[in-house]
Amino acid sequence: MRRSTPRSSPSTMSTSGGPTMWGTASSGAYLADLSRRLAAATRTRDEALEDITCLRNSAFPVDAFLRAVSTARAVVRNLARAVHAPAQPHQPQPEPRELPQPRLPRRLRAGHRRRGQITL
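Using numbering that gives the first Met the number 0, the letters of the sequence shown map in sequence onto residues 0 to 119.
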């Protein structure tokens, strides 16, 4: 793992040329905050790895659980749509006057109409 140092940009440099964030007293608090965040993220990662290991070694039906979660999400999504639908104005769909016609080239349809064989 390669460790990189923070690059200084013009916004972090003061007019005298020294760094403003890394050389002041507040940088200690900033670094302490970053250390706390890193420790918390590491703990969260380790707990997740332990949970995954326990699930893999247990007899818990993970596939059935994941299907149930997927179904529950779909139900919630459909319910949200149903609740949201009355709030939107209803736009009626135009009634089709004829049955949908197959998408044939115009020349082919015109040729069949002239011969009287097929009316599309």
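Note that the Cβ used here is the ideal one computed from N, Cα and C, for glycine as well.
Since the model is a prediction, treat every value here as computed from it, not as a measurement.
Boundaries of the alpha helix (DSSP H) in which Ser25 is found, first to last residue: Per DSSP, Ser25 belongs to the alpha helix (DSSP H) from 25-56.
Inter-residue Cα distance where the pair is Pro60 and Ala31: Answer to the nearest angstrom: the Cα atoms are 42 Å apart.
Euclidean distance between Cα positions of Ala28 and Glu49: Straight-line Cα distance between these residues: approximately 32 Å.
Backbone secondary structure at Thr70 - three-state DSSP: Note: Thr70 maps to helix in three-state DSSP.
Rounded C-alpha distance that separates Arg80 from Ala71: In a straight line, the C-alpha of Arg80 is about 14 Å away from that of Ala71.
Rounded straight-line distance, which links the Cα of Ser25 to that of Cys53: If you draw a straight line from the Cα of Cys53 to the Cα of Ser25, it comes to about 42 Å.
Simplified DSSP assignment, three categories, for Phe59: Note: Phe59 maps to coil in three-state DSSP.
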